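Here's the structure, in structure tokens; my notes come after.
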Amino acid sequence: MTTQNNPLLQEFDHAPFSKIENKHFKPAIIKAIEMAREEINAIATNADEATFPNTIETLEFSGEKLDRVTSIFFNLNSAETNEDIQQIAQEVSPLLSEFRNDIILNKALFEKVKSVYNKKDQLDLNTEQKTLLDRKYKAFSRNGANLPIEKQNELRDIDKKLSKLSLDFGQNVLAETNKFELHLTDENDLKGLPESFNEEAAQAAASKEKEGWIFTLEYPSYLPFMKYAENRELRKKMALAFGSKGFHCDELDNQENVLQIAKLRYQRAQLLGYKTHAHFVLEERMAETPEKVNSFLDEILEKAKPAAEREFKELENFAKDLDGIDQLQKWDAAFYSEKLKQKLFNLDDEKLKPYFKLENVIDGVFTVAQKLYGLSFKEVFDVDKYHEDVKTYQVLDENNKEMALFYADFHPRPGKRDGAWMTGYKSQYKKDGEEERPHISIVCNFTKPSKKQPSLLTFNEVTTLFHEFGHALHGMLGDTEYPSLSGANVYWDFVELPSQLLENWCYEKEALQLFAKHYETGEVIPMELIQKIKESANFQEGMATVRQLSFGMLDLSWHGVDPSAITNVKANEDKAFERTKLFPNVAENCMSTAFSHIFQGGYSAGYYSYKWAEVLDADTFEYFQQNGIFSREVANKFKTNILSQGGTDHPMTLYKKFRGKEPKPDALLKRAGLIEK
């Protein structure tokens, strides 16, 4: 295939999805690596003295074509994959890993970067330039540039293996999710399930030319089933299937992948002179060390555990009184929690869903962004997209300046991985007097519209949409010189602040009244329901907090230690969960084998960051509440000091510029009802 015939190698602004075929990816990536390699060699062999512009800035803007092509490819591998794409991923990932190592271990290039770094105090650099120089130098020094050649070769080998193992892990989880279906033909088995939900399950069955109803492990199917199905045995069947992904000792088993990934990450850290993978990772985080993370998790656990145990006892007694359940199991949790919540607050997700039509919630999050930051969103229909479900929007500021192109992909399908995430197809940066604006995308898995009704979101899905849109705002409002410092390119334990902050508006009357309108009557959500949403916000918050902390502890049980002696994935997990355990252990289930955040995503030694960022977001929202939740003054300070700044300075420096002080956990603990207000 010639370069001329490959749409990925042409000049384009918007990703040319309609022109791309799977056969284009590998040749485009190989060619883009070649182009990037030439750019790197030009820097390394430049006879002139190394300077900030000819070395650091030129390095920053090298490989632009490779970045664009790989962002399209790997985003599709998450949102619209198939066997061909997965096979290509297996083939190109080692090539990319090798190329990254070729850069990091390029001695001549590192010498040039190092010479600029060594004279940084004599250079007249602004804060962003200093940060870029520091980041570029550390990209080399923290990844083996100072190692002798035989150790560098060892590092290359480890990185190649890790790249493949991570892909294998993710493909197994997706295959396990798609493989399982609960096919029911007896209407009695549907007892307790909402009619609209059953209709979707009937459609799922019909689409496979089967009678009855099909339920799957995709979130919009799995979560409501666990919450409403009265048949305890069927809930158990679903829970065991969901909890045992990658844990069947078959061709999709992830146990060996988990052990290998953890051990190789440890070996890599040791090679680089770090005690563990967590020590390596946390050096470039706000938390700094595993000891600080453990201390942070312990502090929150100490406050949350008594509340969690009280809530669990209450739930246990409730299930016993209601249905004579002697031993509460994990497959009972969502079901009896929902029943108890209805009893305490008379609040049922099915009562709320009519007020949360997807299109109205989208309008709502757009209106919140307009009130806070002056943004407007105009749907456009002339932009290429990778699936008909995707919506595209032009994002404008108050002066009609284009701020971003925004893609939104809301519904599950077989080629899409579980969960919700924000990503990008093009970075924001400024170069040669021109400003490039970003292309940002959010991907979710919300209930699809049916023949009888539109897509109606659960309240949890509403907060998910706001969460991902908070990430998107971080990307859209970037205002930096350099792409690698723009938007969400920040320390990992700072990245969740904008996303978790925006969730707070979902609980506020002023915000809900803007968009929570009944999809049939147009009636604004009644005050009594808003009041119940607020009252129930802390329902089982102790249990939820302990659950989140347990995931952070599991993460560190793999990455904050020498894992060489670990031979049994399940045994290690059970030990990690000891201090946070509420429900009886389920022998058939294992979380690690499907814990994509840490074994496929970027959260290894970083899962604690959700809770860490909650401290920041609670402290930030308290500031908004003191001044009005739509205070343009506070919003402008947040935009100026946090959102637009990306990773140009240390997060705590940026936070203190915004807030005037360091955050304390008190606002979070008060909001969660874990300490007195």
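Going by UniProt numbering, the first residue of the sequence shown is number 1, and it counts up by one from there.
We put the CB at the ideal spot given by N, CA and C, even for glycine.
As the structure is a computational prediction, the values presented were derived from the model and not from experiment.
In the three-state DSSP reduction, V380 falls in the coil class, being neither helix nor strand.
Q342: member of the alpha helix (DSSP H) spanning 330-345, first to last residue. The DSSP-derived three-state label of T3 is helix. Secondary structure of A15 (DSSP, three-state): coil. Residue pairing by DSSP places G424 opposite I440 in a beta bridge. Between S78 and R413, the C-beta spacing is not below 7 Å. In this model, D479 and L497 are separated by some 18 Å (Cα to Cα). Distance from the Cα of N399 is smallest, within the candidate group A202, L375, D555, F74, for L375. The straight-line gap separating the alpha-carbon atoms of H411 and M226 is approximately 20 Å. For the set T45, S609, L616, C590, the Cα lying nearest the Cα of H248 is the one of C590. The alpha helix (DSSP H) runs lying completely inside the region 48-104 and spanning 4 residues or more are 64-79, 83-104, given in chain order. By the Cβ-count criterion, A319 is buried, with 16 or more other Cβ atoms from all chains shown falling within 10 Å of its own Cβ. For A404, there is no enclosing alpha helix (DSSP H); the residue is found in the beta strand (DSSP E) stretching over 402-409. Boundaries of the beta strand (DSSP E) harbouring T392: 391-396, taken from the DSSP string. According to DSSP, Y137 shares a beta bridge with no other residue. F621 is positioned such that its CB atom lies no closer than 7 Å to that of K637. With respect to the 7 Å criterion, D409 and V395 are not classified as neighbours on the basis of their beta carbons. Y373: member of the alpha helix (DSSP H) spanning 358-373, first to last residue. Residue range 182-184 is occupied by the beta strand (DSSP E) that includes H183, with no alpha helix (DSSP H) assigned at that position. For K416, there is no enclosing beta strand (DSSP E), since its DSSP letter is neither H nor E. Following the DSSP letters along the chain, one finds F318 in no beta strand (DSSP E) but inside the alpha helix (DSSP H) bounded by residues 290-323.
Excluding five sequence positions before and after P220, the CB atoms of its chain that fall closer than 7 Å to its own CB belong to P412, N445, F446, T447, given in chain order. From the listed residues A139, F242, Y336, the smallest Cα separation to E230 is found for Y336. Straight across, the Cα-Cα distance linking H474 with Y603 is about 19 Å.
Within the same chain, and ignoring the five residues on either side of T464 in sequence, the residues whose Cβ sits closer than 7 Å to its Cβ are A420, C444. In the displayed model, V524 falls within a strand according to three-state DSSP. In terms of Cβ geometry, L297 and G552 form a close pair [threshold 7 Å]. K151 sits in a helix when the DSSP states are folded into three classes. If you check the CB distance, S163 and S71 do not come in under 7 Å. A straight line joining the alpha-carbon of T545 with that of A304 spans about 7 Å. According to the DSSP assignment, F215 belongs to the beta strand (DSSP E) that extends over 213-215. Residue pairing by DSSP places L456 opposite K357 in a beta bridge.
Rounded to whole angstroms, the separation of the alpha carbons of L109 and A206 is 60 Å. The alpha carbon of F17 has as its nearest neighbour, out of K353, Y386, L123, the alpha carbon of Y386. Taking C-beta atoms as the reference points, A32 and V69 count as a pair closer than 7 Å. Between A36 and S62, the C-beta gap is smaller than 7 Å, which places the two residues in contact.
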